[in-house]
Structure formats: C-alpha cells, structure tokens
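A.B. asks: Structure in structure tokens, see below.
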C-alpha cells in the first residue's frame with residue numbers, strides 16, 4: 037500500500053527524508069521559498085542545503101500548504117522547533133482525521149519546554165503521532181551511505197505500517213514504542229555536542245572528547261528517564277548512536293557551533309554565518325529548566341548554558357567542567 041505523503045520543511049534533513057520516501061510513495065515537500073520549490077521540481081536538487089546532491093525525480097514540491105495537507109495520508113514535519121506549533125496550526129483545518137504525524141525536529145519549544153510530539157497532541161488531538169530519530173547526517177544519506185534510525189510511536193499497528201514507508205535500501209528503520217525517550221535523545225545530545233565542539237575548538241584530545249561524550253550520555257539518560265523515557269532507549273540509536281554522530285562529525289551543526297566558540301568566535305557571528313539551525317543553541321535553556329524542575333544535576337549542560345546564554349568565556353568554562361571533582365561513576369559530574 038502506498039500513502040500520499042506531505043513533508044513540511046525544505047531544510048537538509050527534511051529534503052533528505054522526502055527524497056527517500058518519494059521513491060516508493062507519492063510525496064510532496066512544502067517549502068516557503070518559491071525558489072526552492074522551483075529547483076526541486078525542475079532540477080531535482082536543493083543546493084542551499086544539500087549542494088549538488090540529486091533528489092528522487094519522483095519528489096514534488098509546492099508552496100500550497102492547504103493543497104498538500106488536504107491530500108495527505110501521512111504528515112511529516114521537519115521545520116525548526118520555533119516554527120513547529122505555528123505550522124501545525126496552519127495545517128490543522130485541512131488535515132483529515134487520524135492522519136499520522138511524524139516529527140523530524142530535534143528541539144524543544146522555548147516558551148513551554150514541550151517536546152514536538154506534545155505540541156502535536158495539543159494542536160492535532162486524535163492524530164497518531166511519533167518521531168523519527170537517530171544518527172542521521174543528511175549529506176551521508178544523500179551520498180548513499182548506510183545509516184539506521186528509529187521510528188517511535190505508541191501504536192503498534194501504525195508504527196509497523198509506517199516502518200516500510202521510511203525504510204529504503206541501506207537506510208534501515210527500527211521501531212520503538214518509547215516516544216519520550218527517542219524524542220529526548222535527539223534533543224539532549226545537541227547540547228552535549230556543543231560542549232564537545234568547544235573542547236575540540238580549544239584543542240582538547242581524544243581522551244577528553246570520549247570522557248565528555250560518555251559523561252554527557254550519562255546526564256542525558258538521567259534526565260530522559262526522569263521525564264518518562266526508558267533507560268535502554270538512551271543506549272540505542274536514538275540515544276548513544278545519535279550522540280556519537282553529532283559529537284564527532286564535522287558535518288554536525290551543533291558540534292560546529294561549539295568548535296567555533298572554542299576558537300574564540302562570538303555566538304552572534306557564528307549564527308549569522310550559518311545557513312541551518314543549530315537546535316542545541318535554542319534548546320539549552322529549556323533543557324536546563326527541565327533538569328532543575330526534575331532535580332537532575334547536569335553539569336555539562338550548565339557549562340554550555342554559561343557560554344551560550346550567559347556569554348561566559350568558553351576557555352574558562354571548559355577548564356571548570358574538566359576539573360569537576362569525580363565521585364562514583366553513577367553520580368553526576
């Protein structure tokens with residue numbers, strides 16, 4: 037069975053997923069920019085985000101949100117977190133009942149600290165919802181390199197049906213019912229990636245990087261479990277897998293922000309030079325607020341907050357975090 041798929045968002049990851057899904061399902065990508073729509077339809081590229089990588093010739097693009105939403109059997113949302121609620125409110129009058137909604141966005145809503153699937157439940161009540169999350173760098177997937185991800189939904193029948201929609205060749209899709217854990221894994225690792233990037237920018241070694249990733253995963257898991265996720269989820273693709281890719285790849289936006297901060301650049305200058313959004317910058321305040329609400333110590337997240345939000349010295353903050361007194365490995369720090 038094929039589904040008519042509507043994907044909202046013309047960034048790198050949204051375009052990549054749309055191209056994958058379009059190979060076996062009629063898919064239309066919505067983008068605000070007429071230039072992007074024209075390029076996808078006529079040249080099968082999205083050069084702003086993916087260079088000269090060729091998209092599926094079956095993929096269509098449109099700026100007509102009403103027409104796309106009205107025909108959709110499956111809605112995939114890949115807009116940045118700050119625009120997520122607004123775009124759902126725009127499609128709500130046109131989306132048929134029970135159409136599943138899958139989020140690709142790895143962020144939190146800054147004004148409410150809510151996850152994207154919580155927003156889906158509020159704006160589109162009654163629609164099955166889920167999240168696609170894992171160690172998925174768009175450029176590598178577009179180049180045909182093997183990758184794996186997790187599709188998390190609570191409904192067993194729906195998640196099994198949609199698994200085949202996203203699976204394609206060497207892009208392997210596993211299922212999970214822990215929506216909270218999978219979604220939080222994708223959000224929280226972005227903050228840790230900034231910390232790792234700062235260390236790399238300051239010239240820290242491989243041992244330091246490994247320590248930050250490992251201790252970062254530990255604090256991410258503590259908060260994720262406190263918020264309702266399952267601990268084993270954070271040891272899987274949506275947790276450890278995504279953490280490793282985001283913290284070590286030169287293609288990672290969040291690591292790149294950290295690296296530039298470590299080299300002494302100002303955050304404003306870094307953001308102005310970026311084409312794509314680094315969700316960790318937007319999420320760190322919300323993550324720290326959630327940690328404080330749950331009484332979960334997160335020293336690495338606090339370190340990133342001190343640099344990104346408070347404007348502290350990256351060098352001084354990094355020196356402080358690596359000098360934190362060590363206790364038992366099961367404890368924070």
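In our numbering, the protein residues as written are 37 to 369.
All C-beta atoms in this analysis are idealised placements derived from N, C-alpha and C, irrespective of residue type, glycine included.
Taking DSSP as the reference, what is the three-state secondary structure of residue 119?
C.D. replies: Residue state, collapsed to three classes: helix.
A.B. asks: Using the Cα positions of residue 97 and residue 205, report the straight-line distance between them to the nearest angstrom.
C.D. replies: Approximately 23 Å between the Cα atoms of the pair.
A.B. asks: Measure the CB-CB distance between residue 218 and residue 169 and report whether it falls below 7 Å.
C.D. replies: Yes, they are a contact pair.
A.B. asks: Write down every uninterrupted run of the alpha helix (DSSP H) in the segment 230-303 whose length is 4 residues or greater and which is fully enclosed by it, in chain order.
C.D. replies: With a minimum length of 4 residues, the continuous alpha helix (DSSP H) runs that stay inside the segment 230-303 are 242-262, 278-284, 289-298.
A.B. asks: If you compare alpha carbons, which of 233, 40, 69 is closest to residue 46?
C.D. replies: Among 233, 40, 69, the Cα nearest to that of residue 46 belongs to 69.
A.B. asks: Between the segment 190-210 and the segment 75-84, are three or more C-beta pairs nearer than 8 Å?
C.D. replies: Touching, no, given that fewer than three Cβ pairs across the two stretches are closer than 8 Å.
A.B. asks: In chain order, what residues of the same chain lie with their CB nearer than 8 Å to the CB of residue 85, ignoring the 5 residues before and after it?
C.D. replies: Result list for residue 85: 46, 47, 48, 51, 174, 311, 312, in chain order.
A.B. asks: Evaluate the contact criterion for the segment 266-273 versus the segment 288-296: three or more CB pairs, one atom per stretch, below 8 Å.
C.D. replies: The segment 266-273 is not in contact with the segment 288-296.
A.B. asks: Does the separation of the CB atoms of residue 136 and residue 161 fall below 7 Å?
C.D. replies: Not a contact, by the Cβ cut-off of 7 Å.
A.B. asks: Under the rule that 16 or more other beta-carbon atoms within 10 Å means buried, what is residue 26, buried or exposed?
C.D. replies: Look at the range of the chain in this structure, 37 to 369, and you will see that residue 26 is not part of it.
A.B. asks: Looking only at its own chain, which residues have a Cβ that is under 7 Å from the Cβ of residue 326, when we skip the five neighbours before and after it?
C.D. replies: If we look at residue 326 and ignore the five residues flanking it on each side, its Cβ neighbours are 149, 259, 263.
A.B. asks: Classify residue 318 as helix, strand or coil using the three-state DSSP reduction.
C.D. replies: In this structure, residue 318 counts as helix in the three-state DSSP scheme.
A.B. asks: Using alpha carbons as the reference points, say which of 158, 43, 359 lies closest to residue 105.
C.D. replies: With distances taken between Cα atoms, residue 105 lies closest to 43.
A.B. asks: Given this structure, state the Cα-to-Cα distance separating residue 257 from residue 224, to the nearest angstrom.
C.D. replies: Approximately 9 Å between the Cα atoms of the pair.
A.B. asks: So the candidates are 115, 109, 147, 321; which of them puts its Cα closest to the Cα of residue 130?
C.D. replies: Residue 109 is the option with its Cα nearest to residue 130.
A.B. asks: Between residue 166 and residue 188, which are expected to be in contact by the criterion C-beta below 8 Å, what is the C-beta distance as a whole number of angstroms?
C.D. replies: Going by Cβ atoms, the distance from residue 166 to residue 188 rounds to 5 Å, so yes, they are a contact pair.
A.B. asks: Alpha carbon to alpha carbon, how far is residue 132 from residue 344?
C.D. replies: One C-alpha to the other measures close to 41 Å.
A.B. asks: Please report the straight-line C-alpha distance between residue 88 and residue 297, rounded to a whole angstrom.
C.D. replies: If I take the Cα positions, the gap works out to 29 Å.
A.B. asks: Can you round the beta-carbon distance between residue 300 and residue 227 to whole angstroms, since I take them to be within the 8 Å contact cut?
C.D. replies: Residue 300 to residue 227, Cβ: 21 Å. No contact.
A.B. asks: Taking 7 Å as the threshold (C-beta atoms), are residue 274 and residue 221 in contact?
C.D. replies: Yes, these two residues count as a Cβ contact at 7 Å.
A.B. asks: Smallest Cα separation from residue 103: which of 126, 82, 119?
C.D. replies: The candidate whose alpha carbon is nearest that of residue 103 is 126.
A.B. asks: When DSSP labels each residue in this structure, what does residue 42 get in the three-state scheme?
C.D. replies: Of the three classes helix, strand and coil, the one that applies to residue 42 here is strand, per DSSP.
A.B. asks: One question on the structure: do residue 277 and residue 171 come within less than 7 Å of each other, judged by their Cβ atoms?
C.D. replies: Yes, these two residues count as a Cβ contact at 7 Å.
A.B. asks: Considering only residues of the same chain and omitting the five flanking positions on each side of residue 121, which have a CB-CB separation below 6 Å?
C.D. replies: 155, listed in sequence order.
A.B. asks: Which of helix, strand or coil does DSSP assign to residue 84?
C.D. replies: Here residue 84 sits in helix by DSSP.
A.B. asks: Under the three-state reduction of DSSP, which class applies to residue 56: helix, strand or coil?
C.D. replies: In the structure shown, residue 56 sits in a helix (DSSP, three-state: H, G or I).
A.B. asks: If I measure Cβ to Cβ from residue 230 and keep anything under 6 Å in the same chain, skipping five residues before and after, which residues do I get?
C.D. replies: Counting only Cβ-Cβ distances below 6 Å, and skipping sequence neighbours, we find 290, 293, 294, 316, 340.
A.B. asks: Express the C-alpha separation of residue 232 and residue 360 in angstroms, rounding to a whole number.
C.D. replies: Rounded to the nearest angstrom, the two C-alpha atoms are 16 Å apart.
A.B. asks: Under a three-way DSSP split, which group does residue 49 fall into?
C.D. replies: Residue state, collapsed to three classes: helix.
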